[in-house]
Amino acid sequence: MRLPVRAVIYFYIFICVVLLLFNLLYIFRSGSVKRQQRRKIQHWKKYLDSFTEGTPIREHGELFRQLKNVQELMAFYEAMGSREQEQPGEAASFFQKNHSTVLELAREYGEKDAMEQAFFAYVIAAFHPAIGDRRSPLLEQLLNYLDHSTVYSRENILNALYALGNIQSVEHAFLLMSQRGWYHDPRLLSDGLNRFQGEKETLANRLWRCRDQLIECFQVGTIRFAESFGGSHFPEAFLRALETEGLPTETQFTLVRYFRRHAVPYAQPVLLRLLKGESGGKRELAIAAAAALASYPDEKTRQALKEALHSPNWYVRQNAARSLKAQGVTWEECGIDSSADRYATEMLEYILGGQPAPKGGEKEREALAAV
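Quick note: the sequence shown uses our numbering, first residue 100, plus one each step.
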């Protein structure tokens with residue numbers, strides 16, 4: 100049955116009116132929420148002013164009752180952020196003097212959903228002072244948040260643990276997440292570990308020692324974290340692991356790349372063997388080895404890289420050409436015959452630019468040969 104045109108028009112007008120009313124209500128509601136949130140922020144700013152003056156206007160119980168509401172916690176975060184910009188160190192003082200309230204809030208948010216736990220951890224990461232190696236119930240509560248966490252909340256929990264500067268708690272979190280097979284982006288891990296408020300090299304040592312219990316992403320994050328350290332025992336330990344341990348592929352790639360930034364003489368023979376594919380089961384590492392050898396400029400390395408230009412693997416050829424360029428090797432020094440290996444020639448053209456023009460005599464001989 101076909102509807103009359105007028106009924107369709109009326110229905111369309113009705114839908115437009117409903118949408119208009121919805122938009123008006125949404126605008127009114129969002130404006131009201133924003134005004135309410137601004138009032139809360141001003142409220143907390145006044146409280147922090149009174150705290151600075153030594154006459155806080157809230158007792159422990161009232162402070163806890165308000166901050167267990169996530170909306171109040173958000174307003175508190177905004178107010179504290181402004182306060183910290185004006186008077187650095189104010190946040191650390193507040194959290195130290197209200198330690199018992201913070202612990203109660205940590206337990207309270209442990210009963211809430213993952214998103215609210217994530218925000219509480221975010222506040223801890225932003226303002227709580229480092230506690231170092233001493234034990235604290237706050238660490239245990241944050242670790243408990245991992246039980247029903249999401250990727251987003253896990254990142255915030257880890258950031259809170261980094262800010263607190265406790266090595267054992269970070270190690271425990273990595274082990275727990277590895278046991279449950281939870282992937283976490285290695286770049287986020289390495290960036291977060293670099294913000295750790297404690298002995299960073301000691302933390303890297305602890306994490307590396309328990310590498311057998313960590314899944315690949317945490318191993319990679321730990322190695323990238325160790326790249327920020329200068330002279331230490333890491334190159335020797337990493338090289339030994341690369342040669343003797345059956346580590347995951349991405350971990351091995353990261354170890355090889357480590358030796359480009361941290362060039363040590365005793366790593367060169369291993370990298371050359373990897374480039375030539377002489378290490379059983381590690382032929383794919385030739386790609387990374389070709390790039391790492393850019394940091395080992397000598398005749399032995401240059402010769403190996405020239406040979407790698409003939410590799411059937413495009414990426415090996417590319418990295419070999421890039422490393423030769425980084426070492427200042429010219430077209431002539433490569434000694435590539437374009438008629439013998441078209442692929443090597445094309446790669447050098449791609450990386451070094453066009454082939455050098457032949458000398459005048461050579462041009463004449465070519466012309467005569469053509470005749």
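Glycine is no exception: its CB is placed at the ideal position from the N, C-alpha and C atoms. Quick caveat: nothing in here was measured; it's all calculated off a predicted structure.
For this session: Let me know if Gly264 comes out buried or exposed under the rule of 16 or more other beta-carbons within 10 Å of its beta-carbon.
Result: Here residue 264 corresponds to residue number 165 of the sequence shown, with the count starting at 1. That one is buried.
Exercise. Which residue comes first and which comes last in the alpha helix (DSSP H) that contains Arg382?
Worked result: Within the sequence shown, numbered from 1, the residue matching residue 382 stands at position 283. Taken as a continuous stretch (DSSP letters only), Arg382 belongs to no alpha helix (DSSP H), as it is neither H nor E.
Exercise. Enumerated in chain order, which unbroken segments of the alpha helix (DSSP H) with a length of 4 residues or greater are wholly contained in the region 304 to 361?
Worked result: As far as the region 304 to 361 is concerned, its whole alpha helix (DSSP H) runs of at least 4 residues are 315 to 325, 333 to 343, 348 to 360.
For this session: Flag Ala403 as yes when its Cβ comes closer than 6 Å to any non-hydrogen atom of the ligand MN, and as no otherwise.
Result: This structure lacks the ligand MN, and indeed carries no ligand of any kind.
For this session: Can you give me the start and stop residues for the alpha helix (DSSP H) that Ile223 sits inside?
Result: Against the sequence shown, residue 223 aligns to sequence position 124. Secondary structure note for Ile223: its alpha helix (DSSP H) is the uninterrupted segment 213 to 226.
For this session: Give every residue of the same chain whose Cβ lies closer than 7 Å to the Cβ of Ile230, excluding the five residues on either side of it in the sequence, and list them in chain order.
Result: Indexing the sequence shown from 1 puts residue 230 at position 131. Residues Leu263, Gly264, Asn265 of the same chain have their beta carbon placed closer than 7 Å to that of Ile230, with the five preceding and five following residues left out of the count.
Exercise. For the candidate residues Val369, Arg359, Pro285, Thr249, whose alpha-carbon lies nearest to that of Asn418?
Worked result: Position 319 of the sequence shown holds residue 418. Among Val369, Arg359, Pro285, Thr249, the Cα nearest to that of Asn418 is on Arg359.
For this session: Indicate whether Thr350 and Glu315 have their beta-carbon atoms separated by less than 7 Å.
Result: For the purposes of this step, residue 350 is identified with residue 251 of the sequence shown, where counting begins at 1. For the purposes of this step, residue 315 is identified with residue 216 of the sequence shown, where counting begins at 1. The answer is yes: Cβ separation under 7 Å.
Exercise. Val116 by DSSP, collapsed to three states: which one?
Worked result: Within the sequence shown, numbered from 1, the residue matching residue 116 stands at position 17. Here Val116 sits in helix by DSSP.
Exercise. Under the rule that 16 or more other beta-carbon atoms within 10 Å means buried, what is Lys399, buried or exposed?
Worked result: Along the sequence shown, one-based indexing puts residue 399 at 300. Burial call: exposed.
Problem set entry | Residue of Arg310, Asp311, Arg294 minimising C-alpha distance to Ser327 | As a working note, residue 327 is residue 228 in the sequence shown. Sorting Arg310, Asp311, Arg294 by C-alpha distance to the C-alpha of Ser327 places Arg294 at the top.
Exercise. Quick one, are the C-beta atoms of Ala303 and Ala325 less than 7 Å apart?
Worked result: What you label residue 303 is simply residue 204 of the sequence shown in a count that begins at 1. What you label residue 325 is simply residue 226 of the sequence shown in a count that begins at 1. In terms of Cβ geometry, Ala303 and Ala325 form a close pair [threshold 7 Å].
Problem set entry | Simplified DSSP assignment, three categories, for Leu408 | Against the sequence shown, residue 408 aligns to sequence position 309. Reduced to three states, the DSSP call for Leu408 is coil.
Exercise. How would you label Asn197, buried or exposed, when you count the other beta carbons within 10 angstroms and need 16 or more for buried?
Worked result: Within the sequence shown, numbered from 1, the residue matching residue 197 stands at position 98. By the neighbour-count rule (16 or more Cβ atoms within 10 Å), Asn197 is buried.
Exercise. Distance, Cα to Cα, Tyr208 vs Asp148?
Worked result: The residue given as residue 208 occupies position 109 in the sequence shown. The residue given as residue 148 occupies position 49 in the sequence shown. The alpha-carbon atoms of Tyr208 and Asp148 are separated by roughly 26 Å.
For this session: Inspect the beta-carbon positions of Ala362 and Leu373 and report whether they are closer than 7 Å.
Result: Here residue 362 refers to the residue found at position 263 of the sequence shown. Here residue 373 refers to the residue found at position 274 of the sequence shown. Not closer than 7 Å, so no.
For this session: Report yes if the C-beta distance between Tyr176 and Val222 is below 7 Å; otherwise report no.
Result: Locating residue 176 in the sequence shown gives position 77, where the first residue counts as 1. Locating residue 222 in the sequence shown gives position 123, where the first residue counts as 1. If you check the CB distance, Tyr176 and Val222 come in under 7 Å.
For this session: Specify, as a first and last residue, the run of the alpha helix (DSSP H) that Arg206 falls within.
Result: Within the sequence shown, the letter at position 107 stands for residue 206. Element bounds for Arg206: 198 to 208.
Exercise. Excluding five sequence neighbours on each side, which residues of the same chain lie with their C-beta closer than 6 Å to the C-beta of Glu445?
Worked result: For the purposes of this step, residue 445 is identified with residue 346 of the sequence shown, where counting begins at 1. So no residue of the chain qualifies.
Problem set entry | Contacts around Ala191, its chain only, beta-carbon distance under 8 Å, and the 5 residues preceding and following it disregarded | Translated into the one-based positions of the sequence shown, residue 191 becomes position 92. These residues qualify, in order along the chain: Phe226, His227, Pro228.
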